[in-house]
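Each residue of the sequence shown is one higher than the one before, starting from 1 at the first, in the UniProt record's numbering.
Where is the CB? At the ideal position from N, CA and C, for every residue including glycine.
Only one structure is covered here, and it is reproduced in the block below.
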Amino acid sequence: MLDKLTYAGNLASLEGLAGDRFRFVRGDVADATLVDSLVAGADAVVHYAAESHNDNSLRDPRPFLETNIVGTYTLIEAVRRHGTRFHHISTDEVYGDLALEDPARFTESTPYNPSSPYSATKAGSDLLVRAWVRSFGLEATISNCSNNYGPYQHVEKFIPRQITNVIDGVRPKLYGKGENVRDWIHANDHSSAVLTILENGAIGETYLIGADGEKNNKDVVELILKEMGQAPDAYDLVVDRAGHDLRYAIDSTKLRTELGWSPQYGDFETGLAATIQWYRDNENWWRPQKAATEAKYKVQGQ
């Protein structure tokens, strides 16, 4: 595992993984020399590395270019040299957004229409991989996944931020009116889908990963409050984010029918309850990140 350990990294997440099947290397995915040395000894490379928080991309896009574009280029050049199997992790945000009342969902043929520096750099990285498949015969697959939730997620992200705020006696905060819809998938289900694609996916193909978990942000916050024994209206509205996408929705038919994948957490409320319990039980993991995260949001008035 290669990780730069930026502010979002946490070595505590690796506890219990030591052994012959796991090795951690601290370094930058854009470091060509380091990446080449690691790829030389790998049977396959799965590229999860990304700057991924939209708010941060609006304040300073440069790290997103370095990691998402240059980092992806560095990896695909290394796997091309060594003939290594490659899987590229991407996001549904490359497709832009859908109208709230639109019954359509994203598919593998949906045109790209990114709306933030984050999603634009992820779209660019996807296109690099596609070009390397066509031009150089790269043995690669791509997956575009919906919004993840679950254990070990940084507290700047929507669901863990609300959970940890309630634990701290702080009212959750919602952008705008909370009407924006996200398609939620448990992180364990994302991982199982990636493994399925790595083992059985067709080279050059893209697969969308989703668990039919569409919920608007208001409903998610109210579910969190209900599960944690609070009044469902015990939250505050804050100024909306610039360029805030309205709705994401994934059609994962191709993944399910061609590769036989299905999610373990098909019911969002069950997965959310398990996630809330994890954050209650693992305060030592997230507590060191919390103060700095909330200080950044306070400066933004959010």
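Looking only at G41, R130, N10, N144, the smallest Cα-Cα distance to S119 is reached by N144. Runs of the alpha helix (DSSP H) lying entirely within the segment 13-71, each at least 4 residues long, are 32-39, 54-59 in chain order. Closest in alpha carbon position to N54, among A211, D168, N147, is N147. D219: member of the alpha helix (DSSP H) spanning 217-227, first to last residue.
In the DSSP assignment, S192 falls outside any beta strand (DSSP E) and within the unbroken alpha helix (DSSP H) covering 187-200. In the structure shown, the three-state DSSP call for H88 is strand. When C-alpha distances from K177 are compared across D219, I250, E294, P288, the shortest belongs to D219. Around the beta-carbon of H82, fewer than 16 other beta-carbon atoms lie within 10 Å, marking it exposed.
Taking a 10 Å sphere around the C-beta of P114, we find 16 or more other C-beta atoms and assign the residue as buried. Under the three-pair Cβ rule at 8 Å, the segment 10-17 counts as touching the segment 280-299. Selection E269, I224, G201 evaluated against R85 yields G201 as nearest (Cα-Cα). Pairing S135 with L75, the inter-Cα distance amounts to about 16 Å. Under the DSSP definition of a beta bridge, A140 partners with F86. Only residues of its own chain outside the window of five on either side were considered, and among them A193, Y207, L208, I209, W261 have a CB closer than 7 Å to the CB of L255, listed in chain order.
T67 counts as buried, since at least 16 other C-beta atoms from the protein chains shown sit within 10 angstroms of its C-beta. Pairing V133 with E77, the inter-Cα distance amounts to about 11 Å.
Setting aside the 5 residues that flank it on each side, G137 has no residue in the same chain whose C-beta is closer than 8 Å to its C-beta. For N165, the enclosing alpha helix (DSSP H) covers residues 158-167.
The beta carbon of A44 lies closer than 8 Å to those of T84, R85, F86, H87, L198 in the same chain, with the five residues before and after it left out.
Taking a contact as a CB-CB distance under 8 Å, the pair V181 and R247 counts as one, their CB atoms being some 4 Å apart. Counted as a single uninterrupted DSSP element, the stretch harbouring T107 is not any alpha helix (DSSP H), since DSSP gives it neither H nor E.
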